[in-house]
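For the sequence shown, UniProt numbering gives the first residue as 1, with consecutive numbering after it.
Note that the Cβ used here is the ideal one computed from N, Cα and C, for glycine as well.
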Amino acid sequence: MKAIVCDKYGSPDVLELKEIKKPLPTENQVLVRVHTASLNFGNLVLLKGKPFIARFAFGLTKPKYSIPGGDIAGTVEAVGKDVKLFQVGDEVFGDLSGCGWGGFAEYVTVPEYALASKPTNISFEEAAAAPMAGVTALQGLRDKGKIKSGQKVLIYGASGGVGTFAVQIAKSFGAEVTGVCSTRNLDILRSIGADHIIDYTKEDFTQNEECYDLILGVNGSNSISAYKRVLKPNGNFVHVGGSESQYFQTLFLGPFISMTGNKKISNLLQRANQKDLNYVKELLKTGKVKPIIDKRYKLSEVTEAFKYFQEGHAQGKVVITV
Numbered sequence: 001m002k003a004i005v006c007d008k009y010g011s012p013d014v015l016e017l018k019e020i021k022k023p024l025p026t027e028n029q030v031l032v033r034v035h036t037a038s039l040n041f042g043n044l045v046l047l048k049g050k051p052f053i054a055r056f057a058f059g060l061t062k063p064k065y066s067i068p069g070g071d072i073a074g075t076v077e078a079v080g081k082d083v084k085l086f087q088v089g090d091e092v093f094g095d096l097s098g099c100g101w102g103g104f105a106e107y108v109t110v111p112e113y114a115l116a117s118k119p120t121n122i123s124f125e126e127a128a129a130a131p132m133a134g135v136t137a138l139q140g141l142r143d144k145g146k147i148k149s150g151q152k153v154l155i156y157g158a159s160g161g162v163g164t165f166a167v168q169i170a171k172s173f174g175a176e177v178t179g180v181c182s183t184r185n186l187d188i189l190r191s192i193g194a195d196h197i198i199d200y201t202k203e204d205f206t207q208n209e210e211c212y213d214l215i216l217g218v219n220g221s222n223s224i225s226a227y228k229r230v231l232k233p234n235g236n237f238v239h240v241g242g243s244e245s246q247y248f249q250t251l252f253l254g255p256f257i258s259m260t261g262n263k264k265i266s267n268l269l270q271r272a273n274q275k276d277l278n279y280v281k282e283l284l285k286t287g288k289v290k291p292i293i294d295k296r297y298k299l300s301e302v303t304e305a306f307k308y309f310q311e312g313h314a315q316g317k318v319v320i321t322v
């Protein structure tokens, strides 16, 4: 089979399309014929080995997982003897980041707990766009952010992969949602139902009088003190992504701020799990969430896809057709 192989850390140019042996499922695994995969920030970390702390999970000197790719959607081609949830021919989607990655390939073996049935009302491309970004947004809003109906929620970086899911999921919880993005992305936020939109190229929301119950920081480089200033008492700021300085501020200053005041500052470490994947599946099935797809690349064009993605200006998700 064909697969994208990464044998060393570096730029997208280290990625190679190779012919490798097709895998066979073990007793509790499913063999999936991959139709579509998608890119997430975790793919960049796995490729570059940065920040360095990530290498303790991904391999100190070279990648532990030689085939990148977390999100997939495809068709079950074979099942192990102990598999109970799926059978040959089922259409599935899932996040492989917790079980060895390997999605940028024609076939991949997956534990059944990493998959869910693909809703029939969405395409394989839309399904592959959803797992990691959707679950990240869900866990940030619900688990870390303690979102409640009627709250004022701000999503910074609202037009990217996680951000577009976060806007829609926050709306599904009954929140009043403000999305922050650049001028070129205003129409996207309107299309997914944001109640208010702030163009950060023209307005600094941290200097406004408006305050929020929950802020989800998906991108950007604002200081933690700036976010804290526009949080309501008992409000939550959840760091999902952004600059390294913002990450370390949240990591080291967040616990102190949270213990000494009435505003909570925390980091999210997304954890793939089937329960949350099925939650996202129901949102997709009922039409409460619709994946936004920016660009499509072939498997042979993964290097170009990474180069585009790392620029940080993707509108929604970048998908790979296999």
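Q: Could you pull out every residue in the same chain whose Cβ sits closer than 8 angstroms to the Cβ of Lys48, ignoring the five residues on either side in sequence?
A: Tyr9, Gly10, Ser11
(Q) For Ile147 and Pro68, which I take to be in contact (beta-carbon distance under 8 angstroms), what is that distance rounded to the nearest angstrom? (A) About 31 angstroms separates the two Cβ atoms, so there is no contact after all.
Q: Identify the continuous beta strand (DSSP E) that holds Thr75 and give its terminal residues.
A: Looking at the DSSP string, the run of the beta strand (DSSP E) that includes Thr75 is 71-79.
Q.
Can you list, in chain order, the residues of its chain with a C-beta nearer than 8 angstroms to that of Leu253? Leave out the 5 residues immediately preceding and following it.
A. Ile224, Ile265
Q: Would you give the residue range spanned by the beta strand (DSSP E) that Gly94 belongs to?
A: 91-95
Q | Close-in-space but distant-in-sequence residues of the same chain around Glu209 (CB under 6 angstroms, 5 per side omitted) | A | none
**Q.** Start-to-end residues for the beta strand (DSSP E) that takes in residue 368
**A.** Missing from the structure shown is residue 368; the chain here goes from 1 to 322 and no further.
Q. DSSP on Arg33, reduced to helix/strand/coil?
A. strand
Q. Can you give, in chain order, each stretch of the beta strand (DSSP E) that sits fully within the stretch 237-318 and has at least 3 residues?
A. 264-267, 293-298
Q) In its own chain, which residues sit with a C-beta less than 8 angstroms from the C-beta of Gly150, not counting the 5 before and 5 after it? A) Gly174, Ala175, Glu176
Q. Of the residues Asn234, Asp276, Phe309, which one's Cα is nearest the Cα of Met259?
A. Asn234
(Q) Let me check understanding here. Comparing Cα to Cα, which of Leu251, Cys99, Ser123, Lys62 lies closest to Val92? (A) Ser123
Q: For Gly134, I'd like the list of residues in its chain whose CB is within less than 6 angstroms of its CB, leaving aside the five on either flank, ordered along the chain.
A: Phe165, Val280
Q: Have a look at Val167 and Ala137 and give me their C-alpha separation to the nearest angstrom.
A: Note on geometry: alpha-carbon atoms of Val167 and Ala137 lie some 9 angstroms from one another.
Q: Give the DSSP-derived three-state secondary structure of Ser11 in the structure shown.
A: For Ser11, the three-state secondary structure derived from DSSP is coil.
Q) What residue range is occupied by the uninterrupted alpha helix (DSSP H) comprising Ile188? A) 186-191
Q. Does the Cβ-Cβ distance between Val319 and Glu125 come in under 8 angstroms?
A. Remark: C-beta atoms of Val319 and Glu125 approach each other more closely than 8 angstroms.
Q: Below 6 angstroms CB to CB, which residues in the same chain sit around Leu115 once its five sequence neighbours on both sides are set aside?
A: Val92, Gly94
Q | N- and C-terminal bounds of the beta strand (DSSP E) containing Ala3 | A | First-last of the beta strand (DSSP E) with Ala3: 2-5.
Q) Would a C-beta distance cut-off of 8 angstroms place Tyr113 and Val34 closer than the cut-off? A) no
Q | First and last residue of the uninterrupted beta strand (DSSP E) at Lys152 | A | 152-156
Q. Since Pro131 is in the beta strand (DSSP E), which residue starts that stretch and which ends it?
A. Element bounds for Pro131: not the beta strand (DSSP E) but the alpha helix (DSSP H), 131-138.
Q) Roughly how many angstroms separate the alpha carbons of Ala130 and Ser300, rounded to a whole number? A) 22 angstroms
Q | Neighbourhood of Val322 by C-beta, 7 angstroms cutoff - its chain only, sequence neighbours within 5 removed | A | When the five nearest sequence neighbours on each side are left out, the beta carbons in the same chain lying within less than 7 angstroms of the beta carbon of Val322 are those of Val34, His35, Thr36, Ala37, Glu106, Leu299, in order along the chain.
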